[in-house]
Each structure stands twice: as structure tokens, then as C-alpha cells.
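J.:
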Amino acid sequence: MWLEAGSLMRRRLIRWLSTSVCAAAALCVVPTAAAANAEDEYRAGQMFYQRGDVTGAMARLRIASDVGHAPAQVLLADILDQAEMNEEAVAQYRKAATQGNADGEYGLGNMYANGEGVKRDPAEARKWILRAAEKNHPRATTTLAQAYLGGGLGLSNAERNGEDARRWVTRAADNHYLPALDYLAKAYRKGLMGLAVDEKQAQSMEARANKLRGIAAAQKGKK
0 MWLEAGSLMR
10 RRLIRWLSTS
20 VCAAAALCVV
30 PTAAAANAED
40 EYRAGQMFYQ
50 RGDVTGAMAR
60 LRIASDVGHA
70 PAQVLLADIL
80 DQAEMNEEAV
90 AQYRKAATQG
100 NADGEYGLGN
110 MYANGEGVKR
120 DPAEARKWIL
130 RAAEKNHPRA
140 TTTLAQAYLG
150 GGLGLSNAER
160 NGEDARRWVT
170 RAADNHYLPA
180 LDYLAKAYRK
190 GLMGLAVDEK
200 QAQSMEARAN
210 KLRGIAAAQK
220 GKK
């Protein structure tokens, strides 16, 4: 759902394009079959964006967004977020989130967590991120695990050591999140988060973490 931030010039270009009159007359024409072809408009928007044509991408994505296409709303929100047009990004994420789209829920949660385009609200952020995580959204799962491990999203100390903490840290470990694996190894040794002391499980977590580190090191060496 979060695209890599571009250069300042790119951000300014996206912001200008998103608020300006259509650069070409062809882009200002809304196809009459837009409602029936939202997926086609979304795919076209993806293609334009991948080619670096932000004007074309946003024109197509807005068509699809206006007829309720959640993936288009998310991609449009991502572009708007890059341009620091945060309020409009929030609006697009919310459209997707209220349809139950996990990327939209995660995006909206992050906007609340960071106070971008909306007043910062850790509890509201956690609500939306949790909804995405319940749908097995990898980044949402990792974000929840980070909050339980390091604090954040309005979690209390008691909550960070309870059953939910164990649940989400374990899920993140299953998604190969190294800090979660490291913590579980420690938790099994010391009986943290309500876990019974289990040296065998601790060693298993360490082995999985070390394997991931080896893979990451090998990949880094190839670059």
C-alpha cells in the first residue's frame, strides 16, 4: 500500500498536476462507460503511473475512484500522499477502507497514526490497522507487532504484555519479521507475554531468525 517517496521536484510536480486543469483535452473527457469499466480505468491508471505519466494516471484513477473502485482509491491516495496532499489522500483511503479494503484500512490507519491530513489519533489508527491485520495484511501485522514490542498506537503496558501482544508478535514472526522472532526467542526463555519457559522453542525462533539474517546478508552481498 506505501510507495517509495520521490524527489522534492517529483512531489511538487504531482501536487501541481493534481490541482491544475487537465493538461490535455483528451484527459478531461470522462468515458461514458466509466462505471462499467472501473477495472479497466484502474489498470490504465497503473500503466500510466508506472510509465511516469502522473497526469494520465490520476485522470484514470479518479474515474475509477468516483464509481467506487477501492484499489483505484488506494493508488490515488498513495500518489496524493506522496504529493503531501494529505487531506485528499485521507478521503481516498477512507473510501476504500469503508468498503473493507485492507490496503485502504492500513493507509487510513497510518494517516491517523502520523497525524497527516487528520488529527493524530493513536486509538483510531489502531482500529483501522487492526482491521487490515485481521485480513492478513502483512504491513498491518508488522505495524501492530512493532507497537506491541516498542510502544505506540495508544497501547498500555498491560496490553503490551497480554494475549493480543502474543498473538500479533507471533503472526509477525510467521511473516518473517526479525524483531518478532528475536523477541519470541527471549520470551520463551524468560516466560514473557504469558508464554511458558521453553528452551526448545527459544532455539527454534533463534534458528529462524539466523536463517533470515543469512538470506538478507547473501542478498546484500549480490548487490
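The sequence shown begins at 0 in numbering that gives the first Met the number 0 and counts up one residue at a time.
Ideal Cβ positions, reconstructed from N, Cα and C, are used throughout, including at glycine.
1. Which runs of the alpha helix (DSSP H) at least 4 residues long sit entirely within the segment 40-87? Give them in chain order.
2. In terms of alpha-carbon separation, which member of Asn174, Gly151 and Ala144 lies closest to Glu162?
3. Quick one: give me the first and last residue of the alpha helix (DSSP H) that Lys189 is part of.
4. Along the alpha helix (DSSP H) that carries Leu194, what are the first and last residues, could you check?
5. Below 7 Å CB to CB, which residues in the same chain sit around Gly44 once its five sequence neighbours on both sides are set aside?
6. From Arg170 to Gly103, what distance separates their C-alpha atoms?
7. Using three-state DSSP, classify Thr97 as helix, strand or coil.
8. Got a sec? Which residues, its chain only, sit under 6 Å from Ala131 by beta carbon, not counting five neighbours each side?
9. Cα-Cα, which of Ala69, Lys134, Asn174 and Leu107 is closest to Tyr41?
10. Under three-state DSSP, which class holds Arg170?
11. Report the CB separation of Pro137 from Asn174 in whole angstroms; it is logged as a contact under 8 Å.
12. For Leu177, which residues in the same chain have their Cβ closer than 8 Å to its Cβ, ignoring the five residues on either side in sequence?
T.: So, from the data block:
1. 53-65 and 69-81
2. Ala144
3. Leu177 to Lys189
4. Here Leu194 belongs to no alpha helix (DSSP H), and DSSP marks it neither H nor E.
5. Contacts found: Ala56, Arg59, Leu60, Ala63, Ala71 and Leu74.
6. Each residue's alpha carbon lies about 21 Å from the other.
7. Coil.
8. If we look at Ala131 and ignore the five residues flanking it on each side, its Cβ neighbours are Ala101, Glu104, Tyr105 and Ala139.
9. Ala69
10. Three-state DSSP puts Arg170 in a helix.
11. Sure, about 5 Å apart at Cβ, within 8 Å.
12. Ala208, Leu211 and Arg212
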